[in-house]
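Novice: Have a look at this one before I ask anything.
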DNA sequence: TTATCTGCAAACATTTTGCAGCGAG
DNA sequence: CTCGCTGCAAAATGTTTGCAGATAA
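Chains as they are written, first to last, in the numbering used here: chain A, 583 to 719; chain B, 583 to 719.
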C-alpha cells in the first residue's frame with residue numbers, strides 16, 4: 583500500500599544544506615543576494631535562482647522569517663520561535679530580536695472585530711539602532 | 583529681500599490636481615497603475631511616470647499613506663489624519679480604516695528600549711476581510 | 001522668461017520561469 | 001531508473017531616470 587497523501591519531503595541536496603546553514607549562522611536578516619555572495623565567498627557554488635527558490639520554500643515551511651522593509655529587497659532570517667511573533671530590527675546592521683506579546687495579538691483582533699473585519703492577521707516590525715550601531719556610544 | 587530658505591512649493595498643474603483628486607475620491611488603497619488606469623478611463627491624460635513621481639511627493643509630504651503589502655506593489659491612499667497612525671485594511675477590496683493607539687506607541691518604544699535599541703520607529707498593519715467582502719454574510 | 005513639470009523610451013533592480021541536464025533516493 | 005533539483009539565460013514586474021519639449025508663474 584502506498585501512503586495516503588503525498589507528503590512534500592524535500593530532497594537533501596548540498597545546496598539546500600549550505601543555504602540553511604549559512605542562514606542559521608547569521609543573527610542578522612540577509613537579502614537573497616547577500617546570502618548568495620556569502621556562499622560564493624565561502625567556496626560553495628550555488629545559483630542565485632536556487633537561493634531564491636530555497637528561501638521561498640523555507641519561508642513557506644516557517645523555517646525562516648521574511649521581511650520586506652520599505653518594499654524593496656526582501657530579507658530573510660532563520661526563525662528561532664515556532665509560534666507567531668514579530669521583530670525588533672536594527673536599521674543599520676539588521677541584527678534582530680524576536681518579540682512576542684499575547685496582549686498585542688488580542689488587541690489587533692479586537693480592533694478588527696470592532697470594525698466588522700474578519701479573518702484578521704497583522705504585521706508589526708519595530709526598527710531602531712542597536713547598541714553597536716547607535717552613534718555616540 | 584529674498585526669502586531665507588528655498589521652500590519647496592510645487593506648481594499647480596492639472597496632472598497633480600487630477601491625481602490627488604482621484605486619490606481623495608477613493609476610500610480604498612490603490613496601486614499606482616490602478617490610479618493611472620482610473621485617470622485614463624475618466625478622460626484625464628496623465629503619464630504613468632508622472633503618477634509615480636507625484637505619489638512619491640505626496641507620500642513624502644505626508645498627504646498620502648503608502649503600504650507595501652507582501653513586498654510587491656506599493657499601494658497609496660490619501661491620508662485623513664495628520665498624526666502617526668496605522669491601518670486596518672481589507673485584503674480583498676483594500677478599503678481601510680485608520681487606527682491610532684497611544685498605548686501601542688508606548689509599548690513599541692518600551693520594547694526597543696528594553697533591548698538597547700534607540701531611535702525606534704515601527705510599522706503595523708492589520709489585514710482582514712471587511713463586511714462586504716467576507717463570505718457567508 | 002525660466003525653472004519646473006511632463007511623458008516617452010530606455011534603464012534598472014529584483015524576482016520568477018523555461019528548459020535541458022544532474023543527481024538523490 | 002525517476003522525478004525532483006539545479007542553474008543558466010531569458011522573461012516578467014514594478015519603479016526610476018535621461019532628456020527634449022510643454023507650461024506655470
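All C-beta atoms, glycine included, are put in the ideal place defined by N, C-alpha and C.
Quick one: is residue 710 of chain A buried, meaning 16 or more other Cβ sit within 10 Å of its Cβ, or exposed?
Specialist: buried
Novice: Using only alpha-carbon positions, find the residue among A:703, A:656 and A:692 that is nearest to residue 610 of chain A.
Specialist: Considering only alpha carbons, the answer is A:656.
Novice: Quick one: is residue 693 of chain B near chain A, going by C-beta distance under 8 angstroms?
Specialist: Cβ-Cβ to chain A under 8 angstroms: yes for residue 693 of chain B.
Novice: Between A:689, A:716, A:712 and A:715, which lies nearest to residue 707 of chain B when the distance is taken from Cα to Cα?
Specialist: A:689
Novice: Any beta carbon from chain A within less than 8 angstroms of residue 632 of chain B's own beta carbon?
Specialist: no
Novice: Pairing CB atoms from the region 672–679 of chain B with CB atoms from the region 620–639 of chain B, are three or more of them under 8 angstroms?
Specialist: no
Novice: Of all the residues that make up the region 622–654 of chain B, which are near chain A by a beta-carbon distance shorter than 9 angstroms?
Specialist: Taking 9 angstroms as the Cβ-Cβ cut-off, the region 622–654 of chain B approaches chain A at 648, 649, 650, 651, 652, 653 and 654, given in chain order.
Novice: What residues in its chain sit with their C-beta under 6 angstroms from that of residue 586 of chain B, if we drop five residues either side in the sequence?
Specialist: Caution applies to residue 586 of chain B, whose pLDDT of 43 falls short of 50 and renders its modelled position unreliable; the value that the coordinates give is listed next. There are no such residues.
Novice: Confirm, please, whether the CB-CB distance from residue 712 of chain B to residue 672 of chain B is below 8 angstroms.
Specialist: yes
Novice: Give the straight-line distance between the Cα atoms of residue 602 of chain B and residue 665 of chain B, rounded to the nearest whole angstrom.
Specialist: Going from the Cα of residue 602 of chain B to the Cα of residue 665 of chain B covers about 19 angstroms.
Novice: Verify whether the separation of the beta carbon atoms of residue 645 of chain A and residue 667 of chain A is less than 8 angstroms.
Specialist: Against a cut-off of 8 angstroms, the Cβ pair of residue 667 of chain A and residue 645 of chain A comes out as no contact.
Novice: Excluding sequence positions up to five away, which residues of its chain have a Cβ less than 6 angstroms from the Cβ of residue 648 of chain B?
Specialist: Hits under 6 angstroms: 641, 656 and 658.
Novice: Taking 8 angstroms as the CB-CB limit, is residue 661 of chain A close to chain B?
Specialist: no
Novice: Cβ atoms of residue 598 of chain A and residue 636 of chain A: under 8 angstroms apart, would you say?
Specialist: yes
Novice: Determine, using beta carbons only, whether residue 710 of chain A comes closer than 8 angstroms to chain B.
Specialist: yes
Novice: Considering only their Cβ atoms, is the gap separating residue 634 of chain B from residue 619 of chain B smaller than 8 angstroms?
Specialist: no
Novice: Going by beta carbon distance, what residues of the same chain come within less than 7 angstroms of residue 539 of chain B, once the five residues before and after it are set aside?
Specialist: Outside the modelled stretch of chain B, which goes from 583 to 719, sits residue 539 of chain B, for which no answer is possible.
Novice: Per the DSSP calculation, residue 633 of chain B is bridged to which residue(s)?
Specialist: According to DSSP, which records beta bridges pairwise, residue 633 of chain B is partnered with nothing at all.
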